[in-house]
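Basically my numbering = 1-based index in the sequence shown + 45.
All remarks here apply to the structure that follows.
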Amino acid sequence: MAVYYVIGITVPDLADQEIWKVPVLDLNNAGIQVHSEKVHDGVLLLECSTEDHNETHLLGALQSIPAVSDVEIYVSAPCRIPIKKWELASLDLGAAGQELFAETGLGIYRRGISKEQLIALEEICNSRIADAHSRLQSHHDIDVGSQQFAFKELGSRGKQRFDLILPENNAAIGQVVQSGPWVPLIRKVLNLTDTATPLPCLVSVVYSLPGADIQSWHADGPPSRPPSRPYAVCVFLPLIDLTCETGFTQFWPGSHKDAGLLGFGPAAEVCGATVDGMVSKGDAVIYDYGLLHRGMGNTSNLRRPVVQMVYHVPGWQDRKNYGRESLFS
46 MAVYYVIGIT
56 VPDLADQEIW
66 KVPVLDLNNA
76 GIQVHSEKVH
86 DGVLLLECST
96 EDHNETHLLG
106 ALQSIPAVSD
116 VEIYVSAPCR
126 IPIKKWELAS
136 LDLGAAGQEL
146 FAETGLGIYR
156 RGISKEQLIA
166 LEEICNSRIA
176 DAHSRLQSHH
186 DIDVGSQQFA
196 FKELGSRGKQ
206 RFDLILPENN
216 AAIGQVVQSG
226 PWVPLIRKVL
236 NLTDTATPLP
246 CLVSVVYSLP
256 GADIQSWHAD
266 GPPSRPPSRP
276 YAVCVFLPLI
286 DLTCETGFTQ
296 FWPGSHKDAG
306 LLGFGPAAEV
316 CGATVDGMVS
326 KGDAVIYDYG
336 LLHRGMGNTS
346 NLRRPVVQMV
356 YHVPGWQDRK
366 NYGRESLFS
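And the structure:
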C-alpha cells in the first residue's frame, strides 16, 4: 500500500530553478510518484507517494538533486493530500458549476438571495434564538456557552457556539431552500433532478457569540462513496458580513474525497491549502458534507449568525449533532 507525503524542498533562488528538468534523477525509477507541486512561503512543496515506506530512501533521492539544499517531510498520510491553493474568487460556482464542485467540494454564490429574503431570515432567526435562550434559562444544570449539551432542536458546538434548527414549513425559509441559485447544482450533485419534488433539507441557524473559540478541524460526516455522488451538501448563508473579527469558516478544498484525511486537518495549514470563507451578508458558501473545515473564533462584539441548509438524499438523517429531548415542547 502506498504512503503519501508532502515534502518541503528548499532550493536557493527557487524562482530561477527548473530542478525537475535536471536529468540527474528519474524519480519514477526511484519508486517515487509525483502527484502535484507548488511553492509555499519560498519552499517547493512536492506531493508524492512511494510503495516501499522507506523515508530514508525517499529523502535521499530528493537530496541527491544538485539544486536542492534541504528536504523535510511536512506530512505523511494514507491517501492523497490536496495541496493546491485556491482563491475564494476562483470558487464561484455560478460560472464553473458541477465539475469544480466535484474537484474541490466547495464553492460560492455571490448575492445568493434578495434583500427582502435576507430581512425575513434575520427576523426568523432572531426570534428563534431569543426563544431558545429564554427556555434555556430554566435548565439550571447547563452552563450555557461553556458546557456541551444537545436538545432535539439545539446543540452546542463548542464555547459560545450553537446550532439551532429553524421551524419547518415556514414559507420564507422554504422559498430560499427550494429556489436559491445553488438548487440546480445540488439537484445534479444529489441526483434528485425531479423539480416537481421538493429537495429534502434540514435548516438551522449556526451562531457564534463573542468569545467563541476556534474549532478543531472536522467533517460534518464521513466522505461519500463514491466522492462524485454525495449524500449531503451544506449551504452556509451568513446574515452579517464576515470579517477576521467576527470569524468565518475555513475550508480545505479537496479533502472530501477520502476518509484517510480525517484527523489530518492541520496539514492544510502547513501546506497553505486553506480557503477562508470570508464572504459578505447574503453570499452563499456551498460544501460537501464530508469536507474538512473549522469555524474561526469570534473576537468581535457581534453575534455571527449563519443560516445552514443541509440538503440530503431521501432517508438520510443527522444522527450525531442533536439530542432527543425537545427544548420547545
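The beta-carbon is built from N, C-alpha and C at its ideal position, and this holds for glycine as well.
For residue i, three-class secondary structure by DSSP
i: cysteine 246; result: strand
i: threonine 344; result: coil
i: valine 48; result: strand
i: threonine 288; result: coil
i: lysine 83; result: strand
i: arginine 232; result: helix
i: proline 350; result: strand
i: isoleucine 169; result: helix
i: serine 94; result: strand
i: alanine 312; result: helix
i: isoleucine 158; result: coil
i: glutamate 100; result: helix
i: serine 109; result: coil
i: glutamate 117; result: strand
i: valine 56; result: coil
i: alanine 147; result: helix
i: aspartate 258; result: coil
i: histidine 357; result: strand
i: leucine 89; result: strand
i: alanine 304; result: helix
i: isoleucine 77; result: strand
i: aspartate 321; result: strand
i: alanine 175; result: helix
Residue closest to residue i, alpha-carbon to alpha-carbon, out of the options
i: glycine 203; options: Gly327, Asp258, Glu314 and Gly150; result: Asp258
i: glycine 360; options: Ala312, Cys246, Glu117 and Leu307; result: Cys246
i: valine 120; options: Leu306, Leu166, Ser159 and Asp265; result: Leu306
i: threonine 294; options: Leu282, Asp303, Ser224 and Ala304; result: Leu282
i: alanine 329; options: His80, Ala165, Val51 and Ile158; result: Ile158
i: isoleucine 231; options: Val79, Phe146 and Leu107; result: Phe146
i: glutamine 162; options: Lys197, Ile118, Gln223 and Ser135; result: Gln223
Sequence-distant residues of the same chain with beta carbon closer than 8 Å to residue i, five excluded per side
i: histidine 263; result: Gly310, Leu337, His338 and Arg339
For residue i: DSSP bridge partner residues
i: histidine 263; result: His338
i: arginine 206; result: Ser253
i: isoleucine 331; result: Gly152 and Val280
i: glutamine 220; result: According to DSSP, glutamine 220 bridges with nothing at all.
i: aspartate 133; result: Just to set this straight, residue 133 is leucine in the shown sequence, not aspartate. In DSSP, leucine 133 forms no bridge with anything.
i: serine 201; result: Phe207
Cβ of residue i within 7 Å of any chain B Cβ
i: leucine 133; result: Note that chain B does not occur in the displayed structure, where there is just one protein chain.
Beta-carbon proximity list for residue i, same chain, < 6 Å, skipping 5 on both sides
i: isoleucine 285; result: Lys326
i: leucine 103; result: Thr95
Nonlocal neighbours in the same chain, by C-beta distance under 7 Å from residue i, ignoring five residues either side
i: valine 315; result: Tyr119 and Val120
> Okay, do the stretch 362-371 and the stretch 197-215 touch, 3+ Cβ pairs below 8 Å being the bar?
Replying inline: yes
> Using 8 Å as the Cβ pair cut-off and three pairs as the minimum, do the stretch 278-291 and the stretch 121-136 touch?
Replying inline: no
> Looking at C-beta atoms only, is the number of pairs between the stretch 96-116 and the stretch 50-59 that lie closer than 8 Å three or more?
Replying inline: yes
> Are three or more beta carbon pairs between the stretch 266-278 and the stretch 340-348 nearer than 8 Å?
Replying inline: no
> Given 8 Å as the limit, is there contact between the stretch 164-175 and the stretch 239-255, that is, 3 or more CB pairs closer than that?
Replying inline: yes
> If we count Cβ pairs, one from each stretch, closer than 8 Å, do we get three or more for the stretch 295-304 versus the stretch 143-156?
Replying inline: yes
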